[in-house]
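Q:
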Amino acid sequence: MTSLSYEAAGVDYGVIDPLKIAAQEAAKSTAGNLTRHGFRELEESRGESAYVVDTGSLLIASITECLGTKILITDEVYRATGKSHYAAIAQDTLAMAINDLVTVGATPVSAHAYWAAGGNEWFADARRANDLVQGWKAACDYCGVAWGGGETPNLSGVVVDGRIDLAASCVGIVASRERLTLGKNLAIGDAIVLLGSSGIHSNGVSLARTLAASLPGGYATPIEDGRTFGEALLDPTVLYSTVTEAIFKAGILPKYSANVTGHGWRKLMRHAGDFSYDIHSIPPVPAVLKFICSAGKLDVREAYSTLNMGAGFAIFTAPEDAPRVVAIAESLGVTALEAGRVEAGPKRLRIKPLDIEFAGSELTVRA
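Everything in the sequence shown is counted per our numbering, starting at 1119 for the first residue and increasing by one.
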C-alpha cells in the first residue's frame, strides 16, 4: 500500500485551523460581557487548552471536547467480538476534556456529558449503554470530579443510525494564582518532561481507521504485543489530573503544560513565545503506534506530527524540579521522562535523536 497521511485520511488541519482561528477572533469580542458580572477574562488563556475567568475570589477554567471517531472502532470491535470497551471509551471522552483543563493549573471539579445518537438503536443495547454510564462514573471518581448531568439527544438524520457522538465539558478551579500555568514564567533552560501515553489515545484515529480498512484482517489483524489491532486501539487515554495535582501538592509549580493531542508533537510548541524546544530523549513507542507506522508506511516526520508516539502530556518545569516530576508521575503509575530543554528561538521543535525539526509556522492554533 502507499504511505498514509492524516490529510489523506480526511483530517486536514490546513482547512480546519482557519475556522478555529476565526472563531477565536469572534470570541475575543465577547470578553467585555464579563464586566456585567464584575468578572474579567484572563486574555492570555485564549489560545490555550482551557479558558480562564477571574471572578475576583476564584479563577474558573472551562473546556468542551469531543471524543472524535474512536467510538466507531469501539462499535466495530463489539460487533465482531462481543467485547465491550464502552467503559474505556467513556474514560477517553472525559480525558479529552480533563487533560486539556489541567494544562492551565486547574483542579477539575465538575463534568457534563453529551451523548448524541442517530436513533434509539444505540441506547437500546442495555449492556453497552450501562458500560458507558459506569465507565463515565469511574473516570469521574478517579479524578475527583462530580458528574453534573448532560444531554442525550436523538439526532436522527444528523448522526448516522446506530451510531453515537460523545463529548464532555469540564469546569475546574485554579486553587491559587501561583498555580496558574499559562506560561508567563517559561524560560530558556527549563526542562521538558514527557508523560507516557497508553497508546493512540483519541487522536490520529481517522488514520488508524483508514489503515484498518486497507488490511485483509481489518481490526482483527494481530500486532506485536499479541493483541488485535482493534483491541490495542481501544486502550483508554491516560487521565493526567492525578499527576498534576500531586505535583502541585509537592510544592512544584510547573512553568507550562501541553496536552499532546491533535498535531502530535507539534503541540510542544503551543506556548506563544519564540522558544526552541530541543528534545534529546524520546519515550518508547507503544506497540499499536509502531504497527500504524510500519503497516501504514508513515515516515517518521508524519508520525510525530500526527500521533503522540508515546508522549501524552508535557510538563515544562524548572530543571531542578524535573527529577521530582518524573518520580511523582511514576509513583502514580504513569511513565515519565526528562526529554529536553527550552532554548532560545526561533520558534521550532527539534527532535534530535530522530533528526526531525518542525518550524513554529507548522502549528497554527492561535488567532
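In this text, a Cβ means the ideal position worked out from N, Cα and C, and glycines have one as well.
For residue 1165, collect the residues of the same chain with a Cβ closer than 6 Å to its Cβ; drop the 5 residues on either side in sequence, then sort them by chain order.
A: For the purposes of this step, residue 1165 is taken as the residue at position 47 of the sequence shown. Result list for residue 1165: 1484, in chain order.
Q: In whole angstroms, what separates the C-alpha of residue 1312 from that of residue 1238?
A: Residue numbering aside, residue 1312 sits at position 194 when the sequence shown is read from its first letter. Residue numbering aside, residue 1238 sits at position 120 when the sequence shown is read from its first letter. Distance between the alpha carbons of residue 1312 and residue 1238 is about 42 Å.
Q: Rounded to whole angstroms, what is the Cα-Cα separation between residue 1159 and residue 1177?
A: Residue numbering aside, residue 1159 sits at position 41 when the sequence shown is read from its first letter. Residue numbering aside, residue 1177 sits at position 59 when the sequence shown is read from its first letter. Distance between the alpha carbons of residue 1159 and residue 1177: 9 Å.
Q: Tell me the rounded alpha-carbon separation between residue 1446 and residue 1365.
A: On the sequence shown, position 328 is the one that residue 1446 refers to. On the sequence shown, position 247 is the one that residue 1365 refers to. Cα-Cα distance, rounded: 7 Å.
Q: Between which two residues does the alpha helix (DSSP H) holding residue 1350 run?
A: Sequence index remark: in the sequence shown, residue 1350 carries index 232 (1-based). Residues 1347 to 1351.
Q: For residue 1321 and residue 1186, what's the separation of their Cα atoms in angstroms?
A: What you label residue 1321 is simply residue 203 of the sequence shown in a count that begins at 1. What you label residue 1186 is simply residue 68 of the sequence shown in a count that begins at 1. Each residue's Cα considered, the two are about 8 Å apart.
Q: Mapping DSSP to helix, strand and coil, what is residue 1439?
A: Locating residue 1439 in the sequence shown gives position 321, counting from the first residue. Helix, per DSSP.
Q: For residue 1217, which residues in the same chain have their Cβ closer than 6 Å to its Cβ, ignoring the five residues on either side in sequence?
A: Here residue 1217 corresponds to residue number 99 of the sequence shown, with the count starting at 1. If we look at residue 1217 and ignore the five residues flanking it on each side, its Cβ neighbours are 1358, 1377.
Q: Considering only the alpha carbon of each residue, which of 1332, 1435, 1437 lies closest to residue 1410?
A: Numbered from 1 along the sequence shown, position 292 holds the residue referred to as residue 1410. Cα-wise, what sits closest to residue 1410 is 1332.
Q: Please report how far the alpha carbon of residue 1194 lies from the alpha carbon of residue 1349, in whole angstroms.
A: In the sequence shown, counting from the first residue as 1, residue 1194 sits at position 76. In the sequence shown, counting from the first residue as 1, residue 1349 sits at position 231. The straight-line gap from Cα to Cα measures roughly 10 Å.
Q: Only counting runs of 4 or more residues, tell me where the alpha helix (DSSP H) segments fall wholly within the stretch 1215 to 1287, in order along the chain.
A: Whole alpha helix (DSSP H) segments, 4+ residues: 1238 to 1242, 1244 to 1261.
Q: Among all the DSSP beta bridges, which residues are the ones paired with residue 1377?
A: On the sequence shown, residue 1377 is found 259 positions in, with the first residue counted as 1. DSSP output for residue 1377 lists 1431 as bridge partner(s).
Q: Tell me the DSSP bridge mates of residue 1419?
A: The residue given as residue 1419 occupies position 301 in the sequence shown. DSSP lists no partner for residue 1419.
Q: With H, G and I counted as helix, E and B as strand and the rest as coil, what does DSSP make of residue 1207?
A: Looking up residue 1207 in the sequence shown gives position 89. It is helical.
Q: Starting from residue 1475, follow its DSSP beta bridges and name the residues at the other end.
A: Position 357 of the sequence shown holds residue 1475. Paired residues: 1468.
Q: Quick check: the Cα distance between residue 1404 and residue 1391, rounded to an integer number of angstroms?
A: Against the sequence shown, residue 1404 aligns to sequence position 286. Against the sequence shown, residue 1391 aligns to sequence position 273. Taking the straight line joining both Cα atoms gives about 31 Å.
Q: Given a threshold of 16 other Cβ atoms within 10 Å of its Cβ, counted over all protein chains shown, does residue 1276 qualify as buried or as exposed?
A: For the purposes of this step, residue 1276 is taken as residue 158 along the sequence shown, with counting starting at 1. Exposed, since its Cβ has fewer than 16 Cβ neighbours within 10 Å.
Q: Taking C-beta to C-beta, are residue 1424 and residue 1382 nearer than 7 Å?
A: Here residue 1424 refers to the residue found at position 306 when the sequence shown is read from its first residue. Here residue 1382 refers to the residue found at position 264 when the sequence shown is read from its first residue. Yes; because the gap between Cβ atoms is below 7 Å, this pair is in contact.
Q: For residue 1252, tell me which candidate among 1339, 1289, 1137, 1205 has the shortest Cα-Cα distance.
A: Within the sequence shown, the letter at position 134 stands for residue 1252. It is 1205.
Q: Given residue 1340, which residues of its chain have a CB within under 7 Å of its CB, disregarding the five upstream and five downstream residues?
A: Taking the sequence shown and counting its residues from 1, the one referred to as residue 1340 is at position 222. Only 1346 meet the Cβ criterion.
Q: May I ask which residues mark the beginning and end of the beta strand (DSSP E) holding residue 1456?
A: Residue 1456 sits at position 338 when you count from the first residue of the sequence shown. Note, residue 1456: beta strand (DSSP E), 1454 to 1462.
Q: For residue 1179 versus residue 1280, is the C-beta spacing smaller than 7 Å?
A: As a first step, residue 1179 is located in the sequence shown; it is residue number 61 there, counting from the start. As a first step, residue 1280 is located in the sequence shown; it is residue number 162 there, counting from the start. Not a contact, by the Cβ cut-off of 7 Å.
Q: Which same chain residues end up closer than 6 Å to residue 1476 when comparing Cβ atoms and leaving out the 5 residues on each side of it in sequence?
A: Your numbering for residue 1476 matches position 358 in the sequence shown. Hits under 6 Å: 1384, 1467.
Q: Buried or exposed, going by whether 16 or more other CB atoms sit within 10 Å of the CB of residue 1452?
A: Taking the sequence shown and counting its residues from 1, the one referred to as residue 1452 is at position 334. When all chains shown are included, residue 1452 counts as buried.
Q: Does the contact criterion of 3 or more C-beta pairs under 8 Å hold for the stretch 1239 to 1248 versus the stretch 1299 to 1309?
A: No, the stretch 1239 to 1248 is not in contact with the stretch 1299 to 1309.
Q: Specify, as a first and last residue, the run of the beta strand (DSSP E) that residue 1181 falls within.
A: Taking the sequence shown and counting its residues from 1, the one referred to as residue 1181 is at position 63. Segment 1177 to 1184, the beta strand (DSSP E) holding residue 1181.
Q: Between residue 1224 and residue 1292, which are expected to be in contact by the criterion C-beta below 8 Å, what is the C-beta distance as a whole number of angstroms?
A: Working through the sequence shown from its first residue, we reach residue 1224 at position 106. Working through the sequence shown from its first residue, we reach residue 1292 at position 174. Indeed, because the Cβ distance is near 5 Å, the residues count as touching under 8 Å.
Q: Could you give the distance in angstroms between the alpha-carbon of residue 1192 and the alpha-carbon of residue 1406?
A: Taking the first residue of the sequence shown as 1, we reach residue 1192 at position 74. Taking the first residue of the sequence shown as 1, we reach residue 1406 at position 288. Spanning the two alpha carbons is a distance of roughly 15 Å.
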